[in-house]
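Worksheet: one structure, shown below.
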Amino acid sequence: MRMTQPRPGLLGSWDRFVGPGMSRGETLVLLGATLAGGALVAVHLYTLGLPWLLIALGALVAADVIGGAVCNMTETTKRWYHRPEQRRRDHLGFIALHVCHVVIVAWAFRGPGFDSIYALSIGGWLVLSAILVLCAPTVLRSPLATTFFAVALGLSLYALGPTPGFEWFVPLLFIKLLIGHAVPVKD
C-alpha cells in the first residue's frame, strides 16, 4: 500500500492525525472503539460511585487510550508515523506526552492524594521502554515491545496493584505506545 499525502482542509487535519488514506473500515473500527471504550469506562466508573467530574475525566482518558491503541495498530497510522521524515525524537516526544495520562490516573484514581510511586514506576517504565524499543534494530522492536509490555502488566497488576475502574489502563497504554506506535508496519 502506497502512502498518500494529507488532503487539504479539515479532512487534511484528520489525515495528519491518523495518516492519509485510512480506509472507511479502519475509520469505523477506530471511532467505534473510541466511543465505546469511553462510554463503557464512564458507566463502570459511575457504578463505582465516582463523582461526575472524575467520570468525565476517566471517559476522556479511556477514549484517547483505547481509540489510540486501535488507531496505532492500523497499517495506515503505522506507515504515517514511520515515514522517512519522522525521527526517533518525534516518536519519543509523542510517547512521553502520554506520561500525562499516567499522572492523571495517579492523581485522580489511585485513592486519596497523588500516588507518586505509581506515577514514577509506570511513567518511568514507559519512557525507558520506549527509548529501548526506538533505539533497537527494527527486527527487534516488536519482540522487545511485547517483553516490556509484559513487564508493565506485571508491575501494574502485582507490584503496584490494580487501579479500580482502570485495570485496563496500563495494558492498553503500552499497546498503544510501544506495540502500536513504536513498532513500524511490516512490509
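The opening position of the sequence shown corresponds to residue 1 in the working numbering, with each subsequent residue numbered one higher.
From the three backbone atoms N, C-alpha and C, an ideal C-beta is built for every residue, glycine too.
Source: prediction; values computed, not measured.
Looking only at C-alpha atoms, which of Phe174, Val70 and Pro8 sits nearest to glutamate 26? Looking at the Cα atoms, Val70 is the closest of the given residues.
| Regarding alanine 130 and the ligand GTP, is the C-beta to nearest heavy atom distance less than 6 Å? | This structure lacks the ligand GTP; in fact it carries no ligand of any kind.
- Task: Pick out whichever of Leu40, Val105, Pro184 and Pro162 has its Cα sitting closest to the Cα of glycine 123.
- Result: Of the candidates Leu40, Val105, Pro184 and Pro162, Val105 places its Cα closest to the Cα of glycine 123.
Between the alpha carbons of arginine 141 and leucine 53, how many angstroms are there, rounded? Here the alpha carbon of arginine 141 sits roughly 38 Å from the alpha carbon of leucine 53.
### Query
Helix, strand or coil: which one does DSSP assign to tryptophan 168?
The answer is coil: DSSP assigns tryptophan 168 none of H, G, I, E or B.
Fill in: Sub-7 Å separation of glycine 67 and alanine 33 beta-carbons
Cβ atoms of glycine 67 and alanine 33: closer than 7 Å.
Exercise. Pick from Ser13, Lys186 and Ser116: whose alpha carbon is nearest that of threonine 138?
Worked result: For threonine 138, the nearest C-alpha among the options comes from Lys186.
*Hey, glycine 19 and arginine 89 are a contact pair by Cβ (cut 8 Å); roughly how many whole angstroms apart?*
Going by Cβ atoms, the distance from glycine 19 to arginine 89 rounds to 20 Å, so no, they are not a contact pair.
| request: Return the chain-ordered ranges of every alpha helix (DSSP H) run that is complete within the region 131-168 and spans a minimum of 4 residues. | output: As far as the region 131-168 is concerned, its whole alpha helix (DSSP H) runs of at least 4 residues are 138-154.
Assign glutamate 85 to one of three DSSP states: helix, strand, or coil.
In the three-state scheme derived from DSSP, where H, G and I count as helix and E and B as strand, glutamate 85 is classed as coil.
Exercise for the section: Under 8 Å by Cβ, that's how I've got isoleucine 179 and alanine 145 pegged, so tell me the actual separation to the nearest angstrom. Expected result: The beta carbons of isoleucine 179 and alanine 145 sit about 5 Å from each other, so the pair counts as a contact at 8 Å.
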